[in-house]
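What follows is a single structure, written as structure tokens, with notes after it.
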Amino acid sequence: MKKKTLISALLIMLAVITVASAGCGGKDAGNQNAAEKTHIVFADVMWDSIVFHNAVAGRIAEEVFGYTWEEMSGSTPLTYESLLRGDIDVYMEIWTENLPNYKDDVAAGNIKELSVNFDDNKQGLYVPRYVIEGDAARGIAPMAPGLKTVEDLKNYPDVFKDEEDPSKGRVYGGPPGWEISMVVENKFYLYGLDEMFNLFQPGSDTAMSAEMVRAYDRGEALVAYYWEPTWLLGKYSFIRLSDVPFDPELFLSGACDLPAMPVMISASTDFYASNPEFCAFLEKYRTSSALTSEALAYIQDTGDSYEGAAEWFLKQHPELTSKWLTPEQNQKLTAALS
346 MKKKTLISAL LIMLAVITVA SAGCGGKDAG NQNAAEKTHI VFADVMWDSI VFHNAVAGRI
406 AEEVFGYTWE EMSGSTPLTY ESLLRGDIDV YMEIWTENLP NYKDDVAAGN IKELSVNFDD
466 NKQGLYVPRY VIEGDAARGI APMAPGLKTV EDLKNYPDVF KDEEDPSKGR VYGGPPGWEI
526 SMVVENKFYL YGLDEMFNLF QPGSDTAMSA EMVRAYDRGE ALVAYYWEPT WLLGKYSFIR
586 LSDVPFDPEL FLSGACDLPA MPVMISASTD FYASNPEFCA FLEKYRTSSA LTSEALAYIQ
646 DTGDSYEGAA EWFLKQHPEL TSKWLTPEQN QKLTAALS
């Protein structure tokens, strides 16, 4: 009786080990593909650069890994919460200092940090260069020659006049729903700019860039929150106003400069666990502000879609894909693109 029970127990243990081995084996194991998620949801926070990087990673997901993909749009806080819940799988651009809980979430294992997409970015309040220096070729005299810092704006409300309220100037903040927009708003009131300026929030990145281009083409003064990389700052000459040196303890209050920061690629913990090969690619994915601005300028100049720009970008930069992918994967992508 005891012997028979022991044999039965051993058989049960063997069956459990066999099932576990099938589930944890390599790519050739039958159940591994079943565990793999073949439809990816990327975060779309409604600015150009993240949508472009989604398209690049999405094209590689299609051609190399056989996945399908989509984007989930929303504000920074909402999409970040969706990443934590696992409703979003991959976030191609997390501006880390704009999310106070990000580092704690990574440390706690709530999300998986994969790589630095780029870290040579800037953000802040920008004015056209001709506002400070003039532009002799366009017949524009300097309008605010002493303007160097955000605090200096107090000396020039008349230069940045609000067309809808001529008694005050206008400062363009970030679009609603962006975490950084709240920081810019805090700065606006903390510095006392509200006494002589109105804060205007454009409805979107597109609306903001349209205002900046319109003012630039007309040679008019404008001060606006913007960031790099963007097609606009690659194509037009703007100057970023200096501020109190960045201090992480002061940042959210608006009492210091807006930081250049590592812009990270992160994934939900479930996606990382079930898609090791795709995440291995993302762990090697790295670009720069210059490369991203190049692609965004291509979209602006040609009118191509983000997907079309992704294909153009991948063809233009085989030196990147050779670093991101294994030789076999890169060969598969090259064949698909050709």
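Note that the numbering used here has the sequence shown beginning at 346, numbered continuously upward.
Idealized CB from N, CA, C, for every residue including glycine.
Being a predicted model, the structure only gives us computed values, none of them experimental.
Pairwise C-alpha distance: residue j and residue i
i: THR647; j: GLU594; result: 43 Å
i: TYR651; j: GLU556; result: 22 Å
i: TYR436; j: ALA486; result: 44 Å
i: ALA379; j: GLU408; result: Here the model assigns ALA379 a pLDDT of 43, short of 50, so the residue's position is not dependable, and the following value carries that caveat. Looking at the two C-alpha atoms, the distance is approximately 19 Å.
i: GLU664; j: ALA642; result: 20 Å
i: SER418; j: ASP602; result: 28 Å
i: THR632; j: ASN462; result: 6 Å
i: HIS662; j: THR441; result: 27 Å
i: PRO547; j: LEU429; result: 28 Å
i: TYR571; j: ASP510; result: 23 Å
i: GLU496; j: PHE533; result: 10 Å
i: VAL529; j: PRO672; result: 45 Å
i: LYS448; j: ASP562; result: 41 Å
i: GLY491; j: GLU540; result: 20 Å
i: PHE596; j: LEU470; result: 15 Å
Residue i, buried or exposed, once every other Cβ within 10 Å from all chains shown has been counted against 16
i: ALA400; result: buried
i: LEU535; result: exposed
i: LYS457; result: buried
i: THR421; result: buried
i: ASN620; result: buried
i: ALA640; result: buried
i: ALA569; result: buried
i: LYS482; result: For the record, residue 482 in the displayed sequence is Ala; it is not Lys. ALA482 comes out exposed.
i: ASP373; result: Model confidence at ASP373 stands at a pLDDT of 37, short of 50, so the residue's coordinates are unreliable; what they give is reported in the following sentence. Classification of ASP373: exposed, given that the 10 Å Cβ count is below 16.
i: PRO473; result: buried
i: GLY484; result: exposed
i: PRO574; result: buried
i: ASN466; result: buried
i: GLY599; result: buried
Beta-carbon proximity check, residue i vs residue j, cutoff 8 Å
i: GLY564; j: TYR501; result: no
i: LEU459; j: ILE610; result: yes
i: TRP576; j: SER638; result: yes
i: LYS699; j: SER554; result: Missing from the structure shown is residue 699; the chain here goes from 346 to 683 and no further.
i: ALA566; j: VAL504; result: yes
i: LYS629; j: LYS668; result: yes
i: VAL386; j: ILE433; result: yes
i: PHE658; j: ALA406; result: no
i: PRO604; j: PHE591; result: yes
i: LEU544; j: GLY518; result: yes
i: PHE626; j: LEU670; result: yes
i: ARG515; j: PHE542; result: yes
i: VAL608; j: ASP464; result: yes
i: LYS499; j: LEU538; result: yes
Cutoff 8 Å; reference residue i; Cβ partners in own chain excluding five residues on either side
i: VAL396; result: ASP389, GLU416 and TYR651
i: SER549; result: MET391 and PRO520
i: VAL558; result: LEU577 and TYR581
Same chain only: Cβ atoms within 6 Å of residue i, ignoring 5 sequence neighbours per side
i: ALA655; result: ALA400, VAL401 and ARG404
i: MET741; result: Absent from the structure is residue 741, since the part of the chain shown begins at 346 and ends at 683.
i: ILE525; result: ASN443 and GLY519
7 Å CB neighbourhood of residue i in its chain, flanking five on each side removed
i: ASP615; result: GLY431
Heavy atom of the ligand GTP within 7 Å of residue i beta-carbon
i: LEU544; result: As for the ligand GTP, it is missing from this structure, which has no ligand bound.
task: Please go through the stretch 653-678 and give each complete alpha helix (DSSP H) segment of 4 or more residues, from N-terminal end onward.
output: 663-669
- prompt: Counting only runs that start and end within the stretch 498-530, where is the alpha helix (DSSP H) found for 4 or more residues in a row?
  reply: Uninterrupted alpha helix (DSSP H) stretches at least 4 residues long and entirely within the stretch 498-530 do not occur.
message: For a minimum of 3 consecutive residues, which ranges assigned as the beta strand (DSSP E) are wholly contained in the stretch 406-454?
response: DSSP runs (the beta strand (DSSP E)) wholly in the stretch 406-454: 413-418 and 435-440.
field: alpha helix (DSSP H) runs wholly inside the stretch 557-610, at least 4 long, in chain order
entry: 576-580
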